[in-house]
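Engineer: Read top to bottom, the protein sequences are chains D and W.
All you need for the numbering used here is the position in the first sequence, starting with 1, plus 10.
All you need for the numbering used here is the position in the second sequence, starting with 1, plus 53.
Don't be surprised by glycine CBs; every beta carbon is placed ideally from N, CA and C.
Sharing a structure here in structure tokens format.
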Amino acid sequence: MYQEIFSKYTPTKDNLIYILHDIQDNDPQHYISEEAVQAISEYLNIPSNHIYGVITFYSMYSTKPRGKNIIRLCESPHCYIKGSENILRKLKNALNVGIGETTKDKLFTLELCACLGVCGNAPVMMINDDVYGDLTEEKIDEILARLREVK
Amino acid sequence: MSLKRIDLLICCGSGCVSAGALKIKEKIQSVLKDKGLLNEINIIETGCMGPCDLGPVMIVYPEGIFYQKVTVNDVEELVEEHFIKGRPVKRLMAQDKQEQVVSTAKEIPFYQKQVKVALANCGYIDPESLDEYIAQGGYEALGTLLTEKKPADAIEIVSKSGLRGRGGGGFPTATKWKLAAGNKDSQKYIICNGDEGDPGAFMDRSLLEGDPHRVLEGMMIAAYAMGASKGFFYIRAEYPLAIKRIKGAIEQAREAGLLGKNIFGSKFEFDAEVRTGAGAFVCGEETALIHSIEGERGHPSAKPPYPSDKGLWGKPTCVNNVETFANLPTIFLKGPEWFASMGTKTSKGTKVFALTGDVKNTGLVEVPMGITLREMIFEVGGGIVGDRNFKAVQLGGPSGGCLTTEHLDVPVDYESLKEKGAMMGSGGVIVMNDSNCMVSIAKFFLEFSVEESCGKCSPCRIGLKQMLDIMERITSGKGKEEDIEELIRLGEAIKQLSLCGLGQTAPNPVLSTIKYFRNEYEAHIRDMSCSTSVCLDLMHFNIDKAKCIGCSLCAKKCPVTCISGSKEEKFTIHQLDCIKCGTCMEVCPVKAISKIPQMNDEVKACREKQRLQSEYEE
Numbered sequence: 011m012y013q014e015i016f017s018k019y020t021p022t023k024d025n026l027i028y029i030l031h032d033i034q035d036n037d038p039q040h041y042i043s044e045e046a047v048q049a050i051s052e053y054l055n056i057p058s059n060h061i062y063g064v065i066t067f068y069s070m071y072s073t074k075p076r077g078k079n080i081i082r083l084c085e086s087p088h089c090y091i092k093g094s095e096n097i098l099r100k101l102k103n104a105l106n107v108g109i110g111e112t113t114k115d116k117l118f119t120l121e122l123c124a125c126l127g128v129c130g131n132a133p134v135m136m137i138n139d140d141v142y143g144d145l146t147e148e149k150i151d152e153i154l155a156r157l158r159e160v161k
Numbered sequence: 054m055s056l057k058r059i060d061l062l063i064c065c066g067s068g069c070v071s072a073g074a075l076k077i078k079e080k081i082q083s084v085l086k087d088k089g090l091l092n093e094i095n096i097i098e099t100g101c102m103g104p105c106d107l108g109p110v111m112i113v114y115p116e117g118i119f120y121q122k123v124t125v126n127d128v129e130e131l132v133e134e135h136f137i138k139g140r141p142v143k144r145l146m147a148q149d150k151q152e153q154v155v156s157t158a159k160e161i162p163f164y165q166k167q168v169k170v171a172l173a174n175c176g177y178i179d180p181e182s183l184d185e186y187i188a189q190g191g192y193e194a195l196g197t198l199l200t201e202k203k204p205a206d207a208i209e210i211v212s213k214s215g216l217r218g219r220g221g222g223g224f225p226t227a228t229k230w231k232l233a234a235g236n237k238d239s240q241k242y243i244i245c246n247g248d249e250g251d252p253g254a255f256m257d258r259s260l261l262e263g264d265p266h267r268v269l270e271g272m273m274i275a276a277y278a279m280g281a282s283k284g285f286f287y288i289r290a291e292y293p294l295a296i297k298r299i300k301g302a303i304e305q306a307r308e309a310g311l312l313g314k315n316i317f318g319s320k321f322e323f324d325a326e327v328r329t330g331a332g333a334f335v336c337g338e339e340t341a342l343i344h345s346i347e348g349e350r351g352h353p354s355a356k357p358p359y360p361s362d363k364g365l366w367g368k369p370t371c372v373n374n375v376e377t378f379a380n381l382p383t384i385f386l387k388g389p390e391w392f393a394s395m396g397t398k399t400s401k402g403t404k405v406f407a408l409t410g411d412v413k414n415t416g417l418v419e420v421p422m423g424i425t426l427r428e429m430i431f432e433v434g435g436g437i438v439g440d441r442n443f444k445a446v447q448l449g450g451p452s453g454g455c456l457t458t459e460h461l462d463v464p465v466d467y468e469s470l471k472e473k474g475a476m477m478g479s480g481g482v483i484v485m486n487d488s489n490c491m492v493s494i495a496k497f498f499l500e501f502s503v504e505e506s507c508g509k510c511s512p513c514r515i516g517l518k519q520m521l522d523i524m525e526r527i528t529s530g531k532g533k534e535e536d537i538e539e540l541i542r543l544g545e546a547i548k549q550l551s552l553c554g555l556g557q558t559a560p561n562p563v564l565s566t567i568k569y570f571r572n573e574y575e576a577h578i579r580d581m582s583c584s585t586s587v588c589l590d591l592m593h594f595n596i597d598k599a600k601c602i603g604c605s606l607c608a609k610k611c612p613v614t615c616i617s618g619s620k621e622e623k624f625t626i627h628q629l630d631c632i633k634c635g636t637c638m639e640v641c642p643v644k645a646i647s648k649i650p651q652m653n654d655e656v657k658a659c660r661e662k663q664r665l666q667s668e669y670e671e
């Protein structure tokens, strides 16, 4: 599995961040496993502690398995002013998880993130690569229901 | 492409997409298909048109009619009335100040004070089409430059235009290039800084999504001037659409021979590629960004050596902001004198701002430098939303500061803002009305900086955390009299001692709010009162028994069941259990519940008891 990803990149250190993105995006559990780190270390010929250093520095990488859909609620001041706290409470209740946790059915992981740059439509969240704006508690129910239906 | 009767421009910037623009586009397509009109109407997805809060928005040419807040349910009517019968739908148009319906974008007050240079094509062309960009004069500036002028001329032109870096610092662009151009190394790099992390800023995202070729052309002009043969776009991973668009633009330019060897028949050789971040604010700092491209942790390094001497892989490198690049093609087309004719003595041209917060028109605006805050907030922004009053404006995100009513006539330029304790920053403008607590806003920005501090230098890593602890103490009713002085002392030290721009500017929100809203800090500390009822520890909800009708709705809806009572005795909130979510106030049919901007006495007594107990145990 990793070899296929590696073949897209030359074995130079500057490709580390892209390889990590690629591996994480293609992992069904959206995380970077120990085996993956080992494989990258061998491919790029850099020590695994360097790779872990990079993984833990950037907030988008995870070393823990995550759900199918990654919900990232914007926690920037603008969304806060527009009521992101209520949306967070709603998400926590609806999914029955805390921040950084994954639902039992492995469908959702709830995370907070820095500004998504869609401040004109705050509060906003991003699920996988899609941005949802002007959030209300009712909209959360709708969005989650729709995602639960997708098989 | 055949000529069609109507051009329908649908804004597909992230704001409008999040409001459902793509669904509307699909619906329009299906309705047009049903009516057999697909051949008559040209549907174009454009970049951000600006007024994000009115989204989804669209413009219909040839008339140029502007529609706002379009929903899927409006589509049938729109097609039937406007596209078939030629009667524009007034209901979906904007209104001017006199509440008259205005049909075209030009007449909308939001656009009237704006001068679009960097954003000229944004919302007007299909960002995925190279032809449309060229039709707007795209790549003409580059072509003329490569075939008729020398690199030194390019630096001279930019120097004359007075263009300064749009990323925040305001360093003269020509000087930066000159430093890199003076270096005789055979390999040099140019980097486009698209790591726009400031909360409340989305100028760069909109430019990359709305007019990627302009940014690419700007980068190539810069590359020619400084002698770079390779360019990198570093874009944050939170902007997948921007990444896709710029990758597409590079691909198209390569196919068209605009990238590669002998560009425009000259000796100039250039290629570009996209690199993405992975969620780290500090990577917007140029040395950290360079480390990130190299595959390292995004730690900043001490300057000097500057990137123009030792940058990416130790080679001379020039890092410019997205908006800086976007200004270049127009400067070269219209001449530096034209650009320098706009703005103030030290700050030339225009600046793109992301106007957000409690203003009527939020969105992306481009105004001449030197415009006053009053014009920007009250004319372009349309004033404060609702019947509230203006309180403060935060410029420059977590690195900037708050300005107040007394600064409304300050011209927006690099020097004036800095003098008053704010900064241009990358251009995020958050307008706040009088329902905002300045202490809590400053705390929020500080939280952001603490979270994003890379941890390399101790003033930033430890100092900011100390400041945050104090701020948390103040907002939770445990503030001490000397806290304000301590915040100032810490803040000044962090500003002087931090390694990079993040730490050097992070105390600004706290320092500027202390400067202009010291009374609020004092009220929080001395009176345990948050006059705006934002700090939850310093306020409580109260049910007015005279107004309460005993309907029990509040008690039913309370998520922590801390409201009890009966029809006869009315209802009461048990203050010790209340989480202050505000649900009761929202659901009360007779508005008997209100916010009291003061810590509840019962809570105060309970805290005092706990404090004494813990002291006794020690």
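When you compare the CB of D:P57 with every CB in chain W, is at least one pair closer than 7 Å?
Structural biologist: no
Engineer: Which runs of the beta strand (DSSP E) fall wholly inside the segment 64 to 125 of chain D and span at least 3 residues, in chain order?
Structural biologist: 79 to 84, 118 to 123
Engineer: Counting beta carbon pairs with one atom in the segment 432 to 446 of chain W and one in the segment 405 to 413 of chain W, are three or more of them shorter than 8 Å?
Structural biologist: yes
Engineer: Closer than 6 Å by C-beta to W:T457: which residues in its own chain qualify, once you throw out the five before and the five after it? Chain order, please.
Structural biologist: The beta carbon of W:T457 lies closer than 6 Å to those of A445, Y569 in the same chain, with the five residues before and after it left out.
Engineer: So, helix, strand or coil for W:H135, using DSSP?
Structural biologist: helix
Engineer: Should W:M54 go down as buried or exposed, given a rule of 16 or more other Cβ atoms within 10 Å for buried?
Structural biologist: Model confidence at W:M54 stands at a pLDDT of 48, short of 50, so the residue's coordinates are unreliable and nothing is read from them.
Engineer: At a Cβ threshold of 7 Å, is W:T415 touching chain D?
Structural biologist: W:T415 counts as touching chain D.
Engineer: Would you say W:M54 lies against chain D (beta-carbon separation less than 7 Å)?
Structural biologist: With a pLDDT of only 48 at W:M54, under 50, the local geometry of the prediction cannot be trusted, and no value is derived from it.
Engineer: Within the same chain, show all residues whose beta-carbon is closer than 7 Å to that of W:Q549, passing over the 5 residues directly before and after it, in chain order.
Structural biologist: none
Engineer: Tell me which residues share the same chain as W:A333 and place their Cβ nearer than 6 Å to its Cβ, disregarding the 5 neighbours each side in the sequence.
Structural biologist: G351
Engineer: Using 8 Å as the Cβ pair cut-off and three pairs as the minimum, do the segment 114 to 124 of chain W and the segment 154 to 172 of chain W touch?
Structural biologist: yes
Engineer: Note the first and the last residue of the continuous alpha helix (DSSP H) segment covering W:A242.
Structural biologist: Looking at the sequence provided, one finds Tyr at residue 242 of chain W rather than Ala. No alpha helix (DSSP H) contains W:Y242, which is instead part of the beta strand (DSSP E) from 242 to 247.
Engineer: Taking W:P225 as the reference, give the member of W:N374, W:C634, W:E621 with the closest Cα.
Structural biologist: W:N374
Engineer: Check whether the Cβ atoms of W:G682 and W:G190 lie closer than 7 Å to each other.
Structural biologist: Any answer about residue 682 of chain W is impossible in this case: the structure gives chain W only from 54 up to 671.
Engineer: Here's the rule I'm using: 16 or more other beta-carbon atoms within 10 Å means buried, otherwise exposed. How should W:E622 be labelled?
Structural biologist: exposed
Engineer: Given a cut-off of 7 Å, decide if W:G423 and W:D466 are closer than it, judged by their beta-carbon atoms.
Structural biologist: Yes, they are a contact pair.
Engineer: Do you know offhand how far W:I299's Cα is from W:F286's?
Structural biologist: 8 Å
Engineer: Can you tell me the Cα-Cα spacing of D:E152 and W:P265, whole angstroms?
Structural biologist: As the crow flies, the alpha-carbon of D:E152 is around 34 Å from that of W:P265.
Engineer: Using DSSP with H/G/I as helix, E/B as strand and the rest coil, what is W:T377?
Structural biologist: In this structure, DSSP gives W:T377 a helical state, which the three-state scheme calls helix.
Engineer: Helix, strand or coil, according to DSSP, for W:M54 in the structure here?
Structural biologist: Its pLDDT being 48, under 50, W:M54 is placed unreliably in this model, and the coordinates cannot settle the point.
Engineer: To the nearest angstrom, how far is it from the Cα of W:M476 to the Cα of W:P562?
Structural biologist: If you draw a straight line from the Cα of W:M476 to the Cα of W:P562, it is about 11 Å long.
Engineer: On the DSSP bridge assignment, give the partners of D:M11 in chain order.
Structural biologist: For D:M11, which the question treats as bridged, DSSP gives no partner whatsoever.
Engineer: Which runs of the beta strand (DSSP E) spanning at least 3 residues fall entirely within the segment 401 to 425 of chain W, listed in chain order?
Structural biologist: 403 to 410, 416 to 421
Engineer: So what's D:D139 in DSSP terms, helix, strand or just coil?
Structural biologist: D:D139: coil per DSSP, three-state reduction.
Engineer: What residue ranges within the segment 79 to 119 of chain W form continuous beta strand (DSSP E) runs of no fewer than 3 residues, ordered along the chain?
Structural biologist: 94 to 99, 111 to 114
Engineer: With hydrogens ignored, establish whether the beta-carbon of W:V446 is closer than 6 Å to any heavy atom of the ligand SAM.
Structural biologist: This structure does not include the ligand SAM; it has no bound ligands of any sort.
Engineer: Alpha carbon to alpha carbon, how far is D:E148 from W:T625? Give it in angstroms, no decimals.
Structural biologist: 28 Å
Engineer: Taking the alpha helix (DSSP H) that W:G271 falls in, what are its first and last residues?
Structural biologist: Here the alpha helix (DSSP H) through W:G271 covers 265 to 279.
Engineer: Mind checking which residues open and close the beta strand (DSSP E) that includes W:H593?
Structural biologist: Residues 593 to 596.
Engineer: With 16 other CB atoms within 10 Å as the buried threshold, where does W:A659 fall?
Structural biologist: Going by the sequence as given, residue 659 of chain W is Cys instead of Ala. Answer is exposed; the Cβ neighbour count stays below 16.
Engineer: Spatial neighbours of W:S529 within its chain, please: CB distance less than 6 Å, with the 5 preceding and 5 following residues excluded, ordered by chain position.
Structural biologist: D590
Engineer: Which of helix, strand or coil does DSSP assign to W:V70?
Structural biologist: helix
Engineer: For W:M581, which beta-bridge partners are listed by DSSP?
Structural biologist: W:M581 is not bridged to any residue.
Engineer: So with Cβ pairs under 7 Å, would you call W:E175 a contact of chain D?
Structural biologist: Contrary to the premise, residue 175 of chain W reads as Cys rather than Glu in this sequence. W:C175 does not count as touching chain D.
Engineer: Under a three-way DSSP split, which group does W:G221 fall into?
Structural biologist: coil
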